[in-house]
Amino acid sequence: MTDSDLQLLGPDEITRIMNEVRDDDEKPIFPPSAQQSPVVTAPWDQPALVVAGAGSGKTETMAHRVLWLLANEKATGIRPDQVLGLTFTRKAAGELDERFRKRLGLLDRAGLLSREGADETPKVSTYNSFANELFRDYALLIGRDPNAQVLTEASARMLAREVVTASVDPRLAEIGSVSTVVKQVLGLARAMGDNLVDAAQLRAFAERVPEQLHAISLSDTASKATDMTTLVDRADTLGRLEPLVDLVEAYEQLKLARGVVEFSDQVRLAIQAIEEIPQVREDVRSRFSVVLLDEYQDTSVMQVRLLSALFASHAVMAVGDPNQSIYGWRGAAAGTLERFLDDFDGALGFSLPTSWRNDRRVLTVANRIAAELPGSEGVEPLEPRPDAGEGEVTIGFYEQTSDEAAALATWMAERIRQRDKLPTAAILFRVKKHMRFFANALEDHGIDYVMVGGEGLLFDPAVVDVSSTLKVAARSDEGSALLRLLTSSRWRIGTADLQALVDYSRALAKREAGEQSKSMREQSGHDDIASTADALDSLLDERSWLPSHRISVVGLERMQSLAAELRFIRGNRHLAPVELVRLVIRTMGIDLELEANEHRDTAVLDQFIDQVASLQVSMPGLSLDALVEWITVAEDDDSITTPPPEPQPGVVQLITMHGSKGLEWDLVAVPGQAHLKFPKNSRDTNGWFSSGALPFEFRGDRDSLPVFDLDSVTTASDFATELKRFKDENRDQHAAEERRIAYVAATRARNSLWLSGASLLPAGKKPSAPGAFLVECAEALGADLEPIPDSGAESRDDTVVWPPDPFSVRRERVEDAAEMVASAGDLDDEQLERHIEALLSARDSREPDAPLPERLNASSFHEWVTDPVHAQQQQQRPMPQKPWPQARLGTLFHSMAESLLAAPGLGDEIDFEPESFGDAELPGLDVDRLEELRQTFLRSKYTTSRLQPLHTEIEVHLPLGATTVVCKIDAVFADGDRILVVDWKTGRKPVGREQVRLRGLQLALYRAAYAEHAGIDPSLVDVELYYVADDEVVRLEHPMTKDELIAQLDEARLQL
1 MTDSDLQLLG PDEITRIMNE VRDDDEKPIF PPSAQQSPVV TAPWDQPALV
51 VAGAGSGKTE TMAHRVLWLL ANEKATGIRP DQVLGLTFTR KAAGELDERF
101 RKRLGLLDRA GLLSREGADE TPKVSTYNSF ANELFRDYAL LIGRDPNAQV
151 LTEASARMLA REVVTASVDP RLAEIGSVST VVKQVLGLAR AMGDNLVDAA
201 QLRAFAERVP EQLHAISLSD TASKATDMTT LVDRADTLGR LEPLVDLVEA
251 YEQLKLARGV VEFSDQVRLA IQAIEEIPQV REDVRSRFSV VLLDEYQDTS
301 VMQVRLLSAL FASHAVMAVG DPNQSIYGWR GAAAGTLERF LDDFDGALGF
351 SLPTSWRNDR RVLTVANRIA AELPGSEGVE PLEPRPDAGE GEVTIGFYEQ
401 TSDEAAALAT WMAERIRQRD KLPTAAILFR VKKHMRFFAN ALEDHGIDYV
451 MVGGEGLLFD PAVVDVSSTL KVAARSDEGS ALLRLLTSSR WRIGTADLQA
501 LVDYSRALAK REAGEQSKSM REQSGHDDIA STADALDSLL DERSWLPSHR
551 ISVVGLERMQ SLAAELRFIR GNRHLAPVEL VRLVIRTMGI DLELEANEHR
601 DTAVLDQFID QVASLQVSMP GLSLDALVEW ITVAEDDDSI TTPPPEPQPG
651 VVQLITMHGS KGLEWDLVAV PGQAHLKFPK NSRDTNGWFS SGALPFEFRG
701 DRDSLPVFDL DSVTTASDFA TELKRFKDEN RDQHAAEERR IAYVAATRAR
751 NSLWLSGASL LPAGKKPSAP GAFLVECAEA LGADLEPIPD SGAESRDDTV
801 VWPPDPFSVR RERVEDAAEM VASAGDLDDE QLERHIEALL SARDSREPDA
851 PLPERLNASS FHEWVTDPVH AQQQQQRPMP QKPWPQARLG TLFHSMAESL
901 LAAPGLGDEI DFEPESFGDA ELPGLDVDRL EELRQTFLRS KYTTSRLQPL
951 HTEIEVHLPL GATTVVCKID AVFADGDRIL VVDWKTGRKP VGREQVRLRG
1001 LQLALYRAAY AEHAGIDPSL VDVELYYVAD DEVVRLEHPM TKDELIAQLD
1051 EARLQL
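Oh and the sequence shown: position 82 is 82 in UniProt numbering, straight run, nothing missing.
This is the structure we're talking about:
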């Protein structure tokens, strides 16, 4: 019997059988739609391209595709571990992996998986992680270190800065400041790497083309002077490529010498291994029979080259949406989807235009925006799902931004409060700096909100306070950072006192200059204005001088308090950077301020500490000065961003349009749509005539880019004409990207969409007309969009109160709380003792309110089953826990394990048991101990064997009767045909049977949770503890079953 004689199960039949075996608490599986079915059942031995519109259910379609292939294994010959799924973000990879595992569990229970397939799972990864794995597997074959440290963006800029500042090339002065040169060196290095351009090729271009243009200028005597100037300027700009190429080579050599790589290097080196060693390609192709590529429109030239080199003529299915290609600025290649048919011969084409997310009026707006996109005639407009509601779109244009924000807040408040079920909501911004107006308006209307991302992690106000403190502690000339602290909401030093402090610094400088003449001071470089930071510090000592310098009593008290804190921090600059950052946060009270503000996220401080920890691991011996230099470099680039949290019902998220991709909400607002603001004008339309840009002829996507016809230029006038046409085409490309951003923003809304703009922006002098997208959408809906007449008014939104109120709009509530505390009066010792006795008595005598909580953490499970009464008392009246310095070491180890395993989904912390550290003390971070842990980990089986990382810090919920246990698992590996779940421990091994039993409970929970999560037999899951310091593994040989764990909880309930 041949494959063609086998009867294939259809996707509808597979879905029906799976639904018959699913448990009652499992969601039903819906069969694929009429549009999705051809994608699901496409030939398994041919490449295919699926153009999937926004909200078209592509993840569900890919899951059905895998189910169909595996259920028909007798015909397809495909098993789960032969399926590879790649996507861009860790979040998307995690969602796809979870979908696959749950469906495969049902497929197995339905008897539709072979015995071999039941023990296997598909491999799901991000594009970067997949390239990282290839690089590390085959690096030695091309003479590279597989354990090379991956540079963060800021670390890469520091390395490039080192190269630039070491150069003595006088031509660099023509390019600009050190920061400008660094940025251009990095940009050119990555562009050359992404397009595999040799330095010699670029040098030849940098000599040939400027000479050609200068020759034209010398022979042309008829063109206008302005055209001649344009020609010569562009020739000079291209000539600067040569010194930049020299610096790029030096930068690459320094990376090699330091044993570090960038993410883009890993892709390039993986390509090198594939192209130089044919066996590498065959090894990878033999592992994966089916490849699914998600968000293919966002892949770069180099990623496409890697994938086509590996999987050309292979069963590759790429899924993407050209209308959502919005990452051209970070390397996504133009026209990637269109070129798939050339890169993968014989590819079939499919389309998924039905949106299962958006209501009808939202789709009307989205389709109107997309209609003007280049190539839109080849992309089907979005269609509503059969049961789609009408939806609503509200459009408005206002005089002032504050008017717009107030109207939007009212709109949000009405819809949040009128719905029976709290909706999710977001406000999407093209310009980040205007978020505060809308946040204030939401606050005024009593709406919960959270600002996501903002200006990047380093520009979060709390992080700015930390970095400003570090700068002033490290350098006495950091005047801007000191001014930030002095005028902050905490210290609130006014202008008169600031001027008095400057006057005092001048007087202090003159006194220190003594009898030196002015010429001597100038010759020695002595300034007549002392460092303001030094002057501030001297306020703690120079008591007799102060009255004559007009510093107010209150101002002096505040300045001296700040000076004392800064002196204390300087006195601890010997601490390791992570410990010093923590000290700054505690000393300045920054963490307390965040905790007190419900609209601020304390996670930003943890994320900043994680960045410093990663830097500290990659740069042993990191000093405070080097840390401040890193902060300065990173701020200049604004590259460190915070990941967006999941949408929460009733909480409005303020986020950028780029950051919103991949998310969806019930209510979405897109304000700020004024002429030249959104859509934004392109800042640079010069293309490859910009300084440091890679000429388009070297780019892999050159066929999709504007062409400058240099051969047609014989005069300066010809050049000016051709340059204008070239710039117009670049401007059109930018306009198309802005339109795609607008399309992404509109399609985030499930049913309610708000679109608006304002005539007068903050600090604006001239009124603006409505933005082009706003006008188009109004026309599409037949809505009236009245222009705002020019009344001659100026923006009233550019006025701020200074110094700022530390409580802002929270002042009334804070004052009310303070009054309540004050009115309670003081307690003497006897009264305080009576209160304590009453509280203890209430604790001991009260009846439990509920038998067991609905949710438990795995780490507290043993407390509930060992002493449930005490555990419930602790839950009702939790006691603060002593901070353990050993946890600092564990946090850094966790960060290190993330980069070493290079797996998606790491969380924030590992479990740490204080008692396991005994009496050990860590007054500061023990870097040597961390390095010992790192070396031990590198030698362990988790990095040196063929164990395949599947997850790290994955959160899994395990239902145990009426209680759900939340399990945060450190790492999951594929170990042949088995699964290995590991819990890292940086402390000592457990001593005695009781401690071993407690650890065993937690591992048993992890085993049961992951088996249920992955839909596999628990007997195939091994669980173990790895004690890194001892390099010892403790494996649990006979873990409790799920039924036994439930029995433990049932016994605890009886005790309550």
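Cβ coordinates follow ideal geometry from the N, Cα and C atoms, glycine included.
Checklist entry - What does a CB cutoff of less than 8 Å around Pro38 pick up in its chain, not counting 5 residues either side in sequence? => result Here the set comprises Phe350.
Checklist entry - Expressed to the nearest angstrom, what Euclidean distance is found between the alpha-carbon atoms of Pro322 and Phe288? => result Going by the C-alpha atoms only, they are around 27 Å apart.
Checklist entry - Is the shortest distance between the beta-carbon of Leu760 and the beta-carbons of chain B less than 8 Å? => result Given the protein chain composition of this structure (a single chain), no chain B is represented.
Checklist entry - What's the call for Val869, buried or exposed, on a 16-neighbour Cβ count within 10 Å? => result It is exposed - the Cβ of Val869 has fewer than 16 other Cβ atoms within 10 Å.
Checklist entry - Counting Cβ pairs, one atom from each stretch, are 3 or more of them under 8 Å apart for the segment 709-719 and the segment 743-757? => result No contact exists between the segment 709-719 and the segment 743-757.
Item to check | Inter-residue CB distance, Ala441 and Ala406 (contact presumed, cutoff 8 Å) | outcome: The pair is a contact, with the Cβ atoms about 5 Å apart (cut-off 8 Å).
Next on the checklist: What does the alpha-carbon distance come out to for the pair Arg570 and Ala439?
Outcome noted: If you take the alpha carbons of Arg570 and Ala439, they lie about 36 Å apart.
Checklist entry - Do you know whose CA, among Glu73, Leu104 and Val124, lies nearest Phe88's CA? => result Nearest option by C-alpha distance: Val124.
Next on the checklist: Going by beta-carbon coordinates alone, are Leu159 and Lys255 separated by less than 8 Å?
Outcome noted: Going by C-beta atoms, Leu159 is nearer than 8 Å to Lys255.
Item to check | Three-way DSSP call (helix, strand, coil) for Glu275 in this model | outcome: Helix, per DSSP.
Next on the checklist: By the DSSP assignment, the beta strand (DSSP E) with Glu953 in it spans what residues?
Outcome noted: Segment Gln948 to Leu960, the beta strand (DSSP E) holding Glu953.
Checklist entry - Going along the chain, which unbroken runs of the beta strand (DSSP E) with 3 or more residues stay wholly within the segment 96-160? => result Runs found: 123-126.
Next on the checklist: Between which two residues does the beta strand (DSSP E) holding Leu69 run?
Outcome noted: Per DSSP, Leu69 lies in no beta strand (DSSP E) segment; the continuous alpha helix (DSSP H) that holds it begins and ends at Lys58 to Ala71.
Checklist entry - Around the Cβ of Arg683, are there at least 16 other Cβ atoms within 10 angstroms (buried) or fewer (exposed)? => result Its Cβ having fewer than 16 others within 10 Å, Arg683 is exposed.
Checklist entry - For Arg203, which residues of its own chain have a beta-carbon under 7 Å away from its beta-carbon, when the five flanking residues on both sides are left out? => result If we look at Arg203 and ignore the five residues flanking it on each side, its Cβ neighbours are Glu242 and Val245.
Next on the checklist: Tell me which residues share the same chain as Gly10 and place their Cβ nearer than 6 Å to its Cβ, disregarding the 5 neighbours each side in the sequence.
Outcome noted: Answer for Gly10: no residue qualifies.
Item to check | Cα-Cα separation between Glu629 and His957, rounded to whole angstroms | outcome: C-alpha of Glu629 to C-alpha of His957: approximately 43 Å in a straight line.
Checklist entry - Which same chain residues, not among the five before or five after His862, have their C-beta less than 6 Å away from its C-beta? => result Here the set comprises Leu998 and Leu1001.
Next on the checklist: So Ser752 and Glu392 are supposed to be a Cβ contact under 8 Å. How far apart are they, rounded?
Outcome noted: Confirmed, Cβ separation roughly 5 Å.
Next on the checklist: With a threshold of 8 Å, are at least 3 pairs of Cβ atoms found where one atom belongs to the segment 413-426 and the other to the segment 660-671?
Outcome noted: Because the criterion of three Cβ pairs below 8 Å is met, the segment 413-426 and the segment 660-671 touch.
Checklist entry - Does the beta-carbon of Glu921 have 16 or more other beta-carbons within 10 angstroms, so that it is buried, or is it exposed? => result Below a pLDDT of 50, predicted positions are generally treated as unreliable, and Glu921, at 39, falls in that range; the measurement from the model is reported next regardless. Burial is judged here by how many other beta carbons sit within 10 angstroms of a residue's own beta carbon; Glu921 has fewer than 16 and is exposed.
Item to check | Proximity below 8 Å, CB of Asp119 to CB of Leu1020 | outcome: Going by C-beta atoms, Asp119 is nearer than 8 Å to Leu1020.
Item to check | Extent of the continuous alpha helix (DSSP H) to which Tyr296 belongs | outcome: Per DSSP, Tyr296 lies in no alpha helix (DSSP H) segment and is marked neither H nor E.
Next on the checklist: Just to check my reading of the structure: Thr121 and Pro80 have Cβ atoms closer than 8 Å, yes? What is that Cβ distance to the nearest angstrom?
Outcome noted: Yes, they are in contact, since the Cβ atoms of Thr121 and Pro80 sit about 5 Å apart, within 8 Å.
Item to check | Exposure of Ser467, with buried meaning 16 or more beta-carbon neighbours within 10 Å | outcome: Taking all protein chains in view, the Cβ of Ser467 is crowded by 16 or more other Cβ atoms within 10 Å, so the residue is classified as buried.
Next on the checklist: Could you tell me the alpha carbon to alpha carbon distance between Leu1036 and Asp1022, rounded to whole angstroms?
Outcome noted: Straight-line measurement puts the Cα of Asp1022 at about 8 Å from the Cα of Leu1036.
Next on the checklist: Can you give me the C-alpha to C-alpha distance between Gln876 and Gln1048, rounded to a whole angstrom?
Outcome noted: Confidence at Gln876 is low in this model, with a pLDDT of 47, below 50, so its placement is unreliable and no value can be given for it.
Next on the checklist: Give me, in chain order, the residues of the same chain whose beta-carbon lies closer than 6 Å to that of Asp220; leave out the 5 immediate sequence neighbours on both sides.
Outcome noted: Counting only Cβ-Cβ distances below 6 Å, and skipping sequence neighbours, we find Thr715 and Ala716.
Checklist entry - According to the Cβ coordinates, are Pro210 and Gly239 closer than 8 Å? => result Yes, these two residues count as a Cβ contact at 8 Å.
Checklist entry - In terms of residues, what are the limits of the beta strand (DSSP E) holding Asn751? => result DSSP places Asn751 in the uninterrupted beta strand (DSSP E) bounded by Ala749 to Leu760.
Checklist entry - Is the beta carbon of Gln733 less than 8 Å from the beta carbon of Pro706? => result Taking a C-beta distance under 8 Å as the contact criterion, Gln733 and Pro706 qualify as a contact pair.
Checklist entry - Which class does Val384 belong to by DSSP, given the choice of helix, strand or coil? => result Sequence inspection shows Pro at residue 384; the Val mentioned does not correspond to that position. Residue state, collapsed to three classes: strand.
Item to check | Closest by C-alpha distance to Val578, when choosing among Leu562, Arg1053 and Ile609 | outcome: Comparing Cα-Cα distances from Val578 to each of Leu562, Arg1053 and Ile609, the minimum goes to Ile609.
Checklist entry - How should Phe937 be labelled, buried or exposed, when 16 other C-beta atoms within 10 angstroms of its C-beta is the threshold for buried? => result Residue environment: Phe937 is assigned as buried (16 or more neighbouring CB atoms within 10 Å of its CB, all protein chains considered).
Next on the checklist: Please identify the residue among Phe893, Arg234 and Thr230 whose C-alpha is closest to the C-alpha of Tyr1027.
Outcome noted: Ranking Phe893, Arg234 and Thr230 by Cα distance to Tyr1027 puts Phe893 first.
Checklist entry - Buried or exposed: where does Glu833 fall if 16 or more other Cβ atoms within 10 Å of its Cβ makes it buried? => result The residue is exposed, with fewer than 16 neighbouring Cβ atoms inside 10 Å.
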